[in-house]
Amino acid sequence: MEARHIRKSFGSRILFDDSSFTVQRGERLGIFGPNGCGKTTLAKAILGEEGIEGDLFLSPSVNIGYISQDISDMDDYKKALELFRIPDRKKQGRVRTMLANLGINEVLLNKSLQDLSMGERTKLKLAKLLMGDYDLLLLDEPTNHLDLYTREQLEEALEEYEGTILLITHDRYMMEKICDKLLVFENGLIRRVEYGLAEYLNKTNEDRSDQEKAGDGPADEEERMVLENRIALVLSKLSDAVPGSEEYQKLDEEFNELISIKNRLL
Ligand SMILES: Nc1ncnc2c1ncn2[C@@H]1O[C@H](COP(=O)(O)OP(=O)(O)O)[C@@H](O)[C@H]1O
Ligand SMILES: [Mg+2]
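In this note's numbering, the protein residues as written are 12 to 277.
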C-alpha cells in the first residue's frame, strides 16, 4: 500500500494533510492517535468507502478482511452457523479449533444472529476473519466488546497470522504486543514510525501534554480499565507460578510492561 500526499477534510475541519507512507506485505502497523483524529476515516479510505485527496494505492491483488467499530455488516446471515460453512474438509478442523479457542460453542452457533450480544458477534466476526484467506486484516477497535480471555485468544491468533495487519485499538497493551510499527496521527499529519507503541510513548512523553490528552476522556477510562483487568489477571497467574520458572519470568516481564504502560496513561 502506498499513500502519497493524502488529505482528508470534512468541511473546514482537516483531519490529515500531505501525508505519505508505504506499508509492505506482512508488516503489522498500529494506527494510533486521539479520539476523533481520523483513524476510522483512514480505514474507510483504505477500503475505498471514503473518498480522499491525493493518491492511495493498494496492490489490486490484496484481499482485505475488515472489522468495523460497530460490526453492522453481519446482518445478511440468519444463524451464526452459516458464517462457518466451509466445504474444504481439511480446513474444518482448523475452524473448529479456532472457534473453541475463542469460546464459540455449539449452542452459540445455533443461535440466530440477531439474538447475540455485541461480544458474541465480535467473536464470530473475528473468527471468520482469521479463517478467511485475507492478505490484510484491517481491524478497527476489534476488542471493544471482548472480555479479557477473548482478547488474549485474539492476540495469540493475530500473532500466528502471517499476513499484513493494520490495527486500531484503545488497548495499548494489545497494540504493543501485535504491532512493531505505527502510523501515528500527529499535528494534522499521518506519520509512519518504525517502532512500537511503548517506545513511541516514551519518546513523546515530554511533549505529549496538549496532543494526547485532547478530547480523549472516555477512551482513557476504557484503556485504564482494560489495563487494570490485565494487571489483576497477571498477578493472579503470578501467584500460581513457580518463582524462577520460565513462566514466572514471562509473567513478570508482562507485569512490568503493563505497569509502565499504565504509568504513561496517568
Ligand atoms: N461523514 C462525516 N461527515 C462529517 N464529519 C465526519 C464524518 N465522518 C467522521 N467525521 C468526523 O471526522 C472526525 C474523525 O472521525 P473518525 O475517523 O471516526 O475518528 P477516530 O476513528 O480517530 O476516532 C470526527 O471529528 C468525526 O466527527
Ligand atoms: Mg474510530
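We put the beta carbon where it would ideally sit given N, CA and C, even for glycine. In this text the structure is predicted, and so the values were computed from the model without any measurement.
- Closest in C-alpha terms to D151, from the list C190, Q80 and L246, comes Q80.
- Judged by the Cβ position, F21 qualifies as a neighbour of ligand 1 at the 7 Å threshold, a heavy atom of the ligand being closer than this.
- In terms of Cα proximity to M236, the closest of L159, D263 and L110 is L159.
- Annotation for G199: I25, L26, F27 and D28 place their beta carbon closer than 8 Å to its own, counting only its chain and skipping 5 residues before and after.
- Separation of the CB atoms of L127 and A91 is rounded to 7 Å, and the pair is thereby assigned contact status at 8 Å.
- Contact annotation: the stretch 169-182 does not touch the stretch 196-211, with fewer than three C-beta pairs closer than 8 Å.
- Beta-bridge analysis with DSSP links A56 to no other residue.
- The Cβ atoms of I270 and Y184 lie no closer than 8 Å to each other.
- The alpha-carbon of E187 is positioned some 34 Å away from that of V118.
- Nearest in C-alpha terms to K89, of all of G49, V106, R107 and S123, is S123.
- Set against 7 Å, the gap from the CB of K50 to the closest heavy atom of ligand 2 is smaller.
- Spanning the alpha carbons of H181 and S31 requires a straight line of approximately 24 Å.
- When DSSP assignments are scanned along the stretch 121-160, the uninterrupted stretches of alpha helix (DSSP H) that are 4 or more residues long and fall wholly within it turn out to be 129-142.
- Nearest in C-alpha terms to S20, of all of G44, K248, P45 and T52, is T52.
- Taking the Cα positions, I179 is about 16 Å away from K136.
- 8 Å or more divides the Cβ of I176 from the Cβ of L157.
- Within its own chain, the residues whose Cβ lies closer than 6 Å to the Cβ of L110, once the five positions on either side in sequence are excluded, are A138, listed in chain order.
- When only Cα atoms are considered, A56 and T33 end up about 15 Å apart.
- Judged by beta-carbon spacing, E60 lies beyond the 8 Å limit of R18, meaning their Cβ atoms are not closer than that value.
- K192 sits close to E38, with the two beta carbons spaced by under 8 Å.
- Of G41, K261 and L246, the smallest CA-CA separation from G207 is found for G41.
- About 6 Å separates the beta carbons of I75 and L58, which is inside the 8 Å limit, making them a contact pair.
- The continuous alpha helix (DSSP H) containing I272 extends over residues E257 to L276.
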